[in-house]
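Visitor: Take any residue in the sequence shown, count from 1 to its spot, add 4: that is its number in the numbering used here. Glycine residues also receive a C-beta, built at the ideal position from the N, C-alpha and C atoms.
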Amino acid sequence: MSVIASVGLSSGINYDQLITNLLKIQKQPLYRLQNKQAGYNDKISVYNELSAKLSTFKGAADTLKSGSSFYAKISSVSDSAVLDAVVSNSAATGNYSVSITTLASEEKEVHSGVASSTTVVNDSGADQSFQYTYAGAQRTLTVTDGTTLVGLRDLINNDSSNPGITATILYDGSSYRLVLSGDNTGSTNSITIDSGTTIDGVNTTVDLTSTAFTETKTASDASFSVDGISMTRSSNTVTDAMTGVTLTLKNAGSSTLSVTNDTDTISQNVQSFVDAYNNIVSYVSGNSNYNATAHAGDPLFGESTSRQILNRLSNIITSRVSGLPDDLRALSQIGVSTNRDGTLSLDTGTLSSKLSSDLGGVENLFTDSTSGIGTQVYDYIGNATDSIDGAVTVRINGLESLVGNISDDITDLEAKLSRTEERLRRQFSALESLLSGLTSQGTFLTNLTNAWNK
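#1: How long is the line joining the alpha carbons of N193 and T201, rounded to whole angstroms?
#2: For Q21 and L58, what's the separation of their Cα atoms in angstroms?
#3: Got a sec? Which residues, its chain only, sit under 8 Å from T371 by beta carbon, not counting five neighbours each side?
#4: Could you check whether the region 237 to 254 touches the region 212 to 228, counting it as contact only if at least three pairs of C-beta atoms, one from each stretch, sit closer than 8 Å?
#5: Return the CA-CA distance between N265 and A65, expressed in angstroms with no decimal places.
#6: In three-state DSSP terms, what is E219?
#7: Evaluate I284 with the Cβ neighbour count: other Cβ atoms within 10 Å of its Cβ, from every protein chain shown; 16 or more gives buried, anything less gives exposed.
#8: Contact defined as beta carbons within less than 8 Å: I believe L348 pairs with V278. What is the distance between those atoms, to the nearest angstrom?
#9: Check each candidate in N319, F305, D158 and V125 and name the one with the smallest Cα separation from T152.
#10: Start and end of the beta strand (DSSP E) containing D244?
#11: Where DSSP assigns a beta bridge to A89, which residues make up the other side?
#12: Determine the DSSP secondary structure at S349, reduced to helix, strand or coil.
#13: Could you give the C-beta distance for V288 and S310, rounded to a whole number, given that I count them as a contact under 8 Å?
#14: Nearest to G177 by alpha carbon, out of Y35, D211 and S116?
#15: Pull up the CB-CB distance for G376 and T354, whole angstroms please, since I reckon it's below 8 Å.
#16: Give me whichever residues DSSP pairs with D211 in a beta bridge.
#17: Who are Y136's beta bridge partners in DSSP?
#18: Where does K31 fall in DSSP's three states?
#19: Determine the DSSP secondary structure at G301, reduced to helix, strand or coil.
#20: Buried or exposed for A89, please, with buried defined as at least 16 other CB atoms from any protein chain shown within 10 angstroms of its CB.
#21: In whole angstroms, give me the CA-to-CA distance for I23 and E425.
#22: For L156 and T122, I'd like the C-alpha separation in whole angstroms.
#23: E113 lies in the beta strand (DSSP E); which residues open and close that run?
#24: Since I believe Y51 is in contact with V396 (beta carbons under 8 Å), could you give me their beta-carbon distance rounded to a whole number of angstroms?
#25: How would you label G98, buried or exposed, when you count the other beta carbons within 10 angstroms and need 16 or more for buried?
#26: Would A171 be called buried (16 or more neighbouring beta carbons within 10 Å of its own) or exposed?
#27: Smallest Cα separation from Y384: which of N315, R429, S326 and L421?
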């Protein structure tokens, strides 16, 4: 028999337990391989996380190695009811006096009114015309017989060639007035009701000629000055008066515009740089310990790759940038200090003082094209995490290869153990058969002896 019961019927032996005990010793190499493979997988996971933290640090370095991050500007105005301003990096720092005389305005033409919004404006029995000009573009609309005030409004608004006016209906409590509003401000954006309009109170009951409209708002330019220099613009949003500055004119009056360097953002960028470095130091240190009691090390214990990366980054952080003035060549001179555990601390007061006194010097410390701290960190991490031959990538690939080799060894060993188990089961099956035969023979002899003695 090739398969035996858990407990032999003749012998009473628990073969399953016996086989389990016999295989337990032979499975020790398998357990060692599985533990070794798990250790390599832990290393791979930790290196992947380290790679992510390095990428974050690289991003922080990229921000600081770019000179544009040091050119950021912010603005403020003394009277926000008069003026708003948005500045870009190209704006020049300083205080500017802005005075607004008049705002740019769009034109409005208001009709004298009719009794109802459904009043028929063309009751002539034939098509008539409504003609107007806006910003130099003339439109002639065909108004069919029976068209109401609402219909005329919609005809104007839905015209695919509308040059830029919006028609609305205003109810003043006694009559309904057609209002034509220019979409754009500026003196060139005026509205005129032209002579081609044939809804004139003669052909029709309602008069829509120019004499029936009142100009309630005149298309005009904004008039203002910057530091005493007078200017006019067609819009209240002014983008070309000052380089890098967009002004929003809100009301007549005066306001002081202040443009300053955005040192707060620079400080935040330096803090992000410090924090990203500290995350790497803490992560590598936290995964490099050895437990003497358990006789086991953390995933990065004894790993030269992670140690070399951390050492190189530490050397960059504490280095002095060549070619710069002696008083501004190292991070320690802008408030960055190294703690006993290898992490960094930032004295924001010292940094703020340096940014105020020598912004360009701080910029050079990070952005120098060959030896700037930001440049060095960015370039080194780029090399270390390169997807083909970066140190981290090479180490991960090596560990994955070891995991694959162990998987093959585990498969072979499991197959060998399976064959051993089958062999033991066959041997014990044969033993059980032999014991069963001997038991039968003994029973026969006993019965025969008993028969002779009777």
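Guide: Considering the structure as presented:
#1: 20 Å
#2: 52 Å
#3: L68, K69, S70, G71, F74, G378 and T379
#4: yes
#5: 20 Å
#6: strand
#7: buried
#8: 5 Å
#9: V125
#10: T241 to M246
#11: L251
#12: strand
#13: 5 Å
#14: S116
#15: In fact, because the Cβ distance is near 19 Å, the residues do not count as touching under 8 Å.
#16: D204
#17: R143 and I197
#18: coil
#19: strand
#20: buried
#21: 7 Å
#22: 10 Å
#23: K112 to H115
#24: 6 Å
#25: exposed
#26: buried
#27: N315
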